[in-house]
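Worksheet: the structure to be examined is printed underneath.
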Amino acid sequence: MLIRMGISSVGIQLDLLKFFSRFQQVSLLGNEKVFNDPIHGHIELHPLLVKIIDTPQFQRLRHIKQLGGGYYVFPGASHNRFEHSIGVSYLAGEFIESLHRKQPELNITMSDILCIKLAALCHDLGHGPFSHMFDGLFIKPT
Numbered sequence: 023m024l025i026r027m028g029i030s031s032v033g034i035q036l037d038l039l040k041f042f043s044r045f046q047q048v049s050l051l052g053n054e055k056v057f058n059d060p061i062h063g064h065i066e067l068h069p070l071l072v073k074i075i076d077t078p079q080f081q082r083l084r085h086i087k088q089l090g091g092g093y094y095v096f097p098g099a100s101h102n103r104f105e106h107s108i109g110v111s112y113l114a115g116e117f118i119e120s121l122h123r124k125q126p127e128l129n130i131t132m133s134d135i136l137c138i139k140l141a142a143l144c145h146d147l148g149h150g151p152f153s154h155m156f157d158g159l160f161i162k163p164t
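Just so you know, we're using the numbering used here here: the sequence shown kicks off at 23 and counts up by one.
So, in structure tokens, the structure goes:
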């Protein structure tokens with residue numbers, strides 16, 4: 023499956039397998055945790071997602087403002103990347119589950135749904151404070 027995703031390096035494959043083996047003990051059925059989101063209300067999250075949320079790498083997102091410097095101009099816009107990532111995971115899950123129901127010919131599996139939610143949850147993990155303020159320094163205009 024990793025090769026189909028474009029990950030051909032054996033070293034990277036082993037690193038990924040080692041990383042995800044830490045989560046093998048997580049039950050894949052039941053035991054969802056409920057988070058109270060200010061926008062989406064109560065959100066049930068799969069135990070694997072909760073395990074990721076409980077890591078120090080994910081918890082650091084609590085201290086990074088989603089809007090960077092915009093917070094200083096609009097102090098009411100105080101949401102952080104932690105809250106944002108949980109909401110994105112929820113919305114991605116709603117989207118993929120809708121496709122699963124309405125387009126069965128796509129053969130979307132429960133594993134696919136979990137992977138989409140996981141990818142959405144982790145999409146901001148590489149961000150630092152004010153990260154988009156410096157995009158012009160690193161990303162060439164197209």
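Here a beta-carbon is modelled for each residue, glycine too, at the ideal position from N, C-alpha and C.
Practice item. Just the C-alpha distance for Tyr94 and Lys73, rounded to the nearest angstrom, thanks. Key: 33 Å
Exercise for review: Measuring only between beta-carbons, confirm whether Ala141 sits less than 8 Å from chain D.
Suggested key: Absent from the structure: chain D. Only one protein chain is present.
**Study point:** Integer-rounded CB distance, given that Asp146 should sit under 8 Å from Arg84
**Key:** That pair is no contact at about 12 Å.
**Study point:** Leu159 to Lys87 span [Cα, whole Å]
**Key:** 20 Å
Check your understanding: Apart from the five residues just before and just after Leu136, which ones in its own chain have a Cβ nearer than 7 Å to its Cβ?
Key -> His68 and Leu70
Practice item. Specify, as a first and last residue, the run of the beta strand (DSSP E) that Leu70 falls within. Key: Segment Pro69 to Ile75 is the alpha helix (DSSP H) holding Leu70; no beta strand (DSSP E) there.
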